[in-house]
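Novice: Handing you this structure, nothing more for now.
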Amino acid sequence: MSEHTLAIVAPCYNEQEMLPTSIPVLLETLDRLIAAHKISPASQLYFVDDGSRDNTWQQLSEACEAHPGRIVALRLSRNKGHQNALLAGLENTSEDMVVSIDADLQDDPVNIDKMVDAYLAGSEVVYGVRAARDTDTKFKRFTAEGYYHVMRKLGVDLVFNHADFRLMSRRALNALLEYPESQLFLRGMVREVGFDSAIVEYDRQSRIAGESKYPLRKMLSLAWHGISSFSTAPLRAITLLGITASALSLLTLLWVLATRIFTDNAIPGWTSILLPLLFIGSVQLLSLGVIGEYLAKLYTEVKKRPRYHISERVSGTNSNDNRV
Ligand code: UDP
Ligand code: MG
592 MSEHTLAIVA
602 PCYNEQEMLP
612 TSIPVLLETL
622 DRLIAAHKIS
632 PASQLYFVDD
642 GSRDNTWQQL
652 SEACEAHPGR
662 IVALRLSRNK
672 GHQNALLAGL
682 ENTSEDMVVS
692 IDADLQDDPV
702 NIDKMVDAYL
712 AGSEVVYGVR
722 AARDTDTKFK
732 RFTAEGYYHV
742 MRKLGVDLVF
752 NHADFRLMSR
762 RALNALLEYP
772 ESQLFLRGMV
782 REVGFDSAIV
792 EYDRQSRIAG
802 ESKYPLRKML
812 SLAWHGISSF
822 STAPLRAITL
832 LGITASALSL
842 LTLLWVLATR
852 IFTDNAIPGW
862 TSILLPLLFI
872 GSVQLLSLGV
882 IGEYLAKLYT
892 EVKKRPRYHI
902 SERVSGTNSN
912 DNRV
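With positions in the sequence shown counted from 1, the corresponding number in the numbering used here is that position plus 591.
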């Protein structure tokens, strides 16, 4: 019998269509690993209800009652977003290794077996990496893969095609939990933490029920958090832009002076006034915008607000149940 305890953490936002499938599948995953003597029977599932408006919480608390001691359900006081919900789950575990996975099981839990194998072989962080993106729309695939390339160029160390399906050892997780920032981009932060890591490749499935809770707006916001939390390259780009624009305007100045002094056709056309005016104006606005974005980030971080509040916790064993 293995001594190693495993926690599987899944954030859930309006997942009532998925949970009747996800809960049994994840319990089976634990059973399979326990039977194979890879993990301890004390291993548990953690579900975090991220302020759902549907029956998610009811389903989770019923599942806790039905499987005492096997499932912990946490309820956040309101919707705080996937990254915060996941962190809430991670922070409340005490197991030796922790796997994070989406509640829609697009990342097949079969791969958790391989992650546990890699952990038992000595890796402290095991990244789930999507081998193919066949199930994504062309648009999502193009933008997602392009994003990883841009991040690399900006000097941000990301694992290509890895989202938030990963295993972490207690030591790596505790290190991650030392990061105090309130705007989370977990896949970048885990990379920052370091420790020996391994990769498990898998094919991502399409969602079998419910719809994506990550509309384009949330995706763009996460993408920008990723860049602005890990790279100051956009600020440096503004400086470069400023230098280039200054050099160009100096050349233009010389040309204007030369035209004035050495030729007769010195009547300036409105285009040559209007174009630089518009161009420089827009570059200035854009630059102010980028600086503003970083300032806004500082503003949010400086307040050090809590990242979430837990309103309820159920674990099916009465002694642990309480309203927080
Ligand atoms: N999720 C969450 N809070 C949110 C949005 C999403 O906890 O505000 C959860 C959601 O329930 C799922 C995971 O995050 O378990 C990933 O969301 P989704 O599957 O909708 O994203 P996609 O796979 O489409 O990128
Ligand atoms: Mg999904």
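C-beta atoms are modelled at their ideal positions from N, C-alpha and C, and glycine is treated no differently. Predicted model, so just to flag it, every value in this text is computed and none were measured.
What residues in its chain sit with their C-beta under 8 Å from that of S822, if we drop five residues either side in the sequence?
Specialist: Working through the sequence shown from its first residue, we reach residue 822 at position 231. Closer than 8 Å at Cβ, skipping near neighbours: M742, L745, G746 and V747.
Novice: As a quick check of your reading: which residues have a C-beta less than 6 Å from at least one non-hydrogen atom of ligand 2, in chain order?
Specialist: In chain order, the qualifying residues are D693, D695, Q697, R798 and S803.
Novice: Using only CA atoms, which one of M592, W648 and L624 lies nearest to N578?
Specialist: One cannot answer for residue 578 here, as it falls past the ends of the chain, which runs 592 to 915.
Novice: Give me the DSSP bridge partner(s) of E892.
Specialist: One-based indexing of the sequence shown puts residue 892 at position 301. Note: E892 sits in no beta bridge, so no partner.
Novice: Tell me the DSSP bridge mates of F638?
Specialist: Locating residue 638 in the sequence shown gives position 47, counting from the first residue. A601 and A664, per the DSSP bridge assignment.
Novice: So is the beta-carbon of C655 under 6 Å away from any non-hydrogen atom of ligand 1?
Specialist: Here residue 655 refers to the residue found at position 64 when the sequence shown is read from its first residue. No, Cβ of C655 sits at least 6 Å from all heavy atoms of ligand 1.
Novice: If distances are taken between C-alpha atoms only, which option among E769, A709 and D794 comes closest to E783?
Specialist: Within the sequence shown, numbered from 1, the residue matching residue 783 stands at position 192. Of E769, A709 and D794, the residue nearest in Cα terms is E769.
Novice: Using DSSP with H/G/I as helix, E/B as strand and the rest coil, what is L775?
Specialist: In the sequence shown, counting from the first residue as 1, residue 775 sits at position 184. Correct three-state label for L775: coil.
Novice: State the Cα-Cα distance for the pair A598 and F870, rounded to the nearest angstrom.
Specialist: One-based indexing of the sequence shown puts residue 598 at position 7. One-based indexing of the sequence shown puts residue 870 at position 279. Rounded to the nearest angstrom, the two C-alpha atoms are 54 Å apart.
Novice: Just verifying my parser: in three-state terms, what is the DSSP assignment at M688?
Specialist: Numbered from its first residue, the sequence shown carries residue 688 at position 97. Note: M688 maps to strand in three-state DSSP.
Novice: Here's the rule: buried if 16 or more other CB atoms are within 10 angstroms of the residue's CB, otherwise exposed. What is N765?
Specialist: One-based indexing of the sequence shown puts residue 765 at position 174. So N765 ends up on the exposed side.
Novice: Please name the residue in E682, L618 and A712 whose C-alpha comes closest to that of L696.
Specialist: Looking up residue 696 in the sequence shown gives position 105. Cα-wise, what sits closest to L696 is L618.
Novice: Compare the C-beta of M742 with all C-beta atoms of chain B and state if any pair is closer than 7 Å.
Specialist: Reference to chain B is not applicable here, since this structure consists of a single protein chain.
Novice: Applying the 10 Å Cβ sphere with the 16-neighbour rule, what's the burial state of V689?
Specialist: Working through the sequence shown from its first residue, we reach residue 689 at position 98. Buried, because 16 or more other Cβ atoms sit within 10 Å of the Cβ of V689.
Novice: Less than 8 Å between C-beta atoms, sequence neighbours within five positions excluded: which residues of the same chain meet that for G801?
Specialist: The sequence position of residue 801 within the sequence shown is 210, counting from 1. Within the same chain, G801 has close Cβ partners N605, E606, Q607, E608, M609 and D695.
Novice: Which runs of the alpha helix (DSSP H), 4 residues or longer, sit entirely within the stretch 773-861?
Specialist: Fully enclosed alpha helix (DSSP H) runs of 4 or longer: 777-784, 807-821 and 824-853.
Novice: Look at F776 and G719 and say whether their C-beta atoms are less than 7 Å apart.
Specialist: Mapped onto the sequence shown, residue 776 falls at position 185. Mapped onto the sequence shown, residue 719 falls at position 128. No, the Cβ-Cβ distance between F776 and G719 is not below 7 Å.
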